[in-house]
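Read through the structure below, which is laid out as structure tokens, and then see the notes.
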Amino acid sequence: MDWNALYDRLRAAAPSLELRRDESMSRHTSFQVGGPVPLMALPKDEDEARQVLSVAALEFGVKPFFMGRGTNLLVSDQGADLLVVKAYDGLGRLELLPQGERPGYRTVVAGSGVSLARLASFALECGLAGLEFAQGIPGSVGGGVYMNAGAYGGEMGQVVSSVSSVSTPAEEDVREWRDPGFSYRHSRFQEQDDFILWACFSLKPGDPAEIKAKMDDFSRRRREKQPLEYPSAGSTFKRPAPVDGQPVYAAALIDGCGLKGLTVGGAQVSEKHTGFVINRGGATCDDIVQLMAQVRERVFRETGITLEPEVRYLGKEGETWNF
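See the structure below:
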């Protein structure tokens with residue numbers, strides 16, 4: 076792939092588009108690991124996003140990799156030979172529409188680059204309930220929709236009423252999805268090459284004092300229980316399926332197998348919350364992957380339950396997990 080040619084063509088097609096060459100992904104992931112990518116584009120608006128997708132796909136046959144804040148992403152130490160399109164530093168639309176989409180509710184529109192913390196704070200400012208769970212999730216709207224992010228009993232699928240995206244290549248108009256296909260940590264966007272532009276949230280008016288109290292309670296519980304002082308990607312593994320009708324939690328399984336504090340290089344199973352793999356300092360992607368593999372093998376050997384990664388993985392050639 077002639078990355079110089081793609082860079083020059085994108086620069087000509089969208090002169091104000093922010094482009095970065097040989098960008099280290101360690102600067103863009105919450106794990107703070109990952110090698111370089113040859114080209115990163117950071118579109119500020121819908122037009123720039125469409126230009127990137129059209130030029131890359133139609134003229135160069137390049138399939139971009141889409142990301143938000145990188146809070147659920149693990150990138151190979153060798154980087155990835157890909158065009159990365161990052162939404163977080165742009166696409167910041169955030170507004171309350173004059174009318175709600177259904178009686179008794181109001182609609183907030185948020186661009187894919189808006190942080191979930193900012194979105195939750197905006198909802199509080201508007202006196203709207205439903206996004207309290209999102210206040211402490213360190214991702215963006217785009218990433219949150221993609222993963223159906225959630226915490227403390229809430230998730231994006233409960234409040235998102237529609238999602239607008241542009242396809243790759245960007246030959247069609249903006250597409251609106253009334254059914255984003257949400258399920259546990261899943262949306263339809265994991266199976267299709269769409270770049271999320273914005274989402275609409277249907278929220279019910281509430282008492283601002285009660286909304287804030289709920290947010291403060293979630294924040295306190297996070298500080299007390301989660302290793303927020305270390306780089307991580309939050310919960311490392313998905314919640315397993317129930318066994319005999321009873322809920323099963325990855326952290327409890329890992330703890331029960333005596334894996335608290337297990338270390339590979341600079342990566343460690345958190346001693347504060349065993350559902351987190353953390354970067355204690357100097358961890359590489361390989362350290363984290365090896366540690367996750369050891370945890371999965373031990374849990375399966377002792378319980379018969381296979382833990383599935385919640386963290387997305389991006390390998391050198393664009394591959395995903397290969398345990």
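The numbering used here applies: residue 76 is where the sequence shown begins, and numbers increase by one.
The beta carbon of each residue, even a glycine, is placed where N, CA and C say it ideally should be.
Fair warning: this is a prediction, and the values are worked out from it, not measured in the lab.
Rounded C-alpha distance that separates residue i from residue j
{"i": "Gly336", "j": "Cys360", "result": "18 Å"}
{"i": "Arg376", "j": "Gly211", "result": "34 Å"}
{"i": "Arg355", "j": "Tyr305", "result": "6 Å"}
{"i": "Ile329", "j": "Ser307", "result": "17 Å"}
{"i": "Ser196", "j": "Asp77", "result": "43 Å"}
{"i": "Arg168", "j": "Ala327", "result": "39 Å"}
{"i": "Arg250", "j": "Gln365", "result": "40 Å"}
{"i": "Gln301", "j": "Gly136", "result": "42 Å"}
{"i": "Glu98", "j": "Gly143", "result": "15 Å"}
{"i": "Arg253", "j": "Gly228", "result": "22 Å"}
{"i": "Ser215", "j": "Gln107", "result": "17 Å"}
{"i": "Leu114", "j": "Ser345", "result": "34 Å"}
{"i": "Arg177", "j": "Lys279", "result": "10 Å"}
{"i": "Val352", "j": "Ser129", "result": "38 Å"}
{"i": "Ala80", "j": "Ala116", "result": "14 Å"}
{"i": "Val318", "j": "Ala325", "result": "13 Å"}
{"i": "Ala88", "j": "Gly179", "result": "44 Å"}
{"i": "Glu121", "j": "Ile271", "result": "10 Å"}
Among the options, nearest to residue i - alpha-carbon criterion
{"i": "Val370", "options": "Gly357, Arg387, Ala358 and Thr349", "result": "Thr349"}
{"i": "Asp282", "options": "Glu207, Pro118, Arg125 and Ile380", "result": "Glu207"}
{"i": "Ala316", "options": "Lys287, Arg260 and Phe140", "result": "Arg260"}
{"i": "Lys119", "options": "Gly320, Ser91 and Gly217", "result": "Ser91"}
{"i": "Leu127", "options": "Leu94, Glu394, Pro322 and Gly256", "result": "Strictly speaking, residue 127 in this sequence is Val, with Leu absent from that position. It is Leu94."}
{"i": "Phe257", "options": "Arg296, Gly219 and Trp273", "result": "Gly219"}
{"i": "Asp292", "options": "Ala209, Ala358 and Phe264", "result": "Ala209"}
{"i": "Arg387", "options": "Leu148, Ser105, Ala89 and Arg84", "result": "Leu148"}
{"i": "Ala192", "options": "Lys287, Gln174 and Gly232", "result": "Lys287"}
Residues near residue i by beta carbon distance below 6 Å, same chain, minus five either side
{"i": "Cys201", "result": "Leu171"}
{"i": "Cys275", "result": "Thr182, Val184, Ser236 and Ser237"}
{"i": "Lys313", "result": "Arg260, Glu383 and Glu385"}
{"i": "Pro139", "result": "Ala131, Leu158 and Val160"}
{"i": "His103", "result": "Gly145"}
{"i": "Lys289", "result": "Glu207"}
{"i": "Val339", "result": "Asp362, Gln365 and Leu366"}
Counterpart residues of residue i in DSSP-defined beta bridges
{"i": "Gly273", "result": "Sequence check: residue 273 is Trp here, not Gly. Paired residue(s): Gly186 and Ser239."}
{"i": "His261", "result": "Ser258"}
{"i": "Asp111", "result": "Going by the sequence as given, residue 111 is Pro instead of Asp. Paired residue(s): Ser99."}
{"i": "Phe106", "result": "Paired residue(s): none; Phe106 is not in a bridge."}
{"i": "Gly192", "result": "For clarity, residue 192 is Ala in the given sequence; the question names Gly instead. DSSP output for Ala192 lists no bridge partner at all."}
{"i": "Ser307", "result": "Ile353"}
{"i": "Thr378", "result": "In the DSSP output, where bridge partners are listed per residue, Thr378 has none listed."}
{"i": "Ser215", "result": "Ser190"}
{"i": "Pro322", "result": "Looking at the DSSP assignment, Pro322 forms no beta bridge with any residue, so it has no partner."}
{"i": "Gln25", "result": "This structure cannot speak to residue 25, because the chain is shown only from 76 to 398."}
{"i": "Gly229", "result": "Ala226"}
{"i": "Lys161", "result": "Met142"}
Residue i, buried or exposed, once every other Cβ within 10 Å from all chains shown has been counted against 16
{"i": "Thr243", "result": "buried"}
{"i": "Ala342", "result": "buried"}
{"i": "Lys161", "result": "buried"}
{"i": "Glu123", "result": "buried"}
{"i": "Glu266", "result": "exposed"}
{"i": "Gly331", "result": "exposed"}
{"i": "Thr395", "result": "exposed"}
{"i": "Thr311", "result": "buried"}
{"i": "Ser277", "result": "buried"}
{"i": "Leu194", "result": "buried"}
{"i": "Gly109", "result": "buried"}
{"i": "Leu133", "result": "exposed"}
Residues near residue i in its chain [Cβ-Cβ closer than 8 Å; skip 5 each side]
{"i": "Asp269", "result": "Ser240, Val241, Ser242, Thr243 and Arg250"}
{"i": "Trp273", "result": "Leu166, Arg168, Val184, Ala185, Gly186, Ser187, Val216, Val238 and Ser239"}
Cβ-based neighbour list, residue i, same chain, cut-off 7 Å, excluding 5 preceding and 5 following
{"i": "Arg297", "result": "Gly211 and Leu303"}
{"i": "Val112", "result": "Glu98, Met100, Gly154, Ala155, Leu157 and Val159"}
{"i": "Val374", "result": "Leu328, Ile329, Cys332, Ile380 and Leu382"}
{"i": "Tyr163", "result": "Gly143, Arg144, Gly188 and Ser215"}
Check: residue i C-beta below 6 Å from any heavy atom of the ligand NAD
{"i": "Gly331", "result": "Among the components of this structure there are no ligands whatsoever, and the ligand NAD is therefore not found."}
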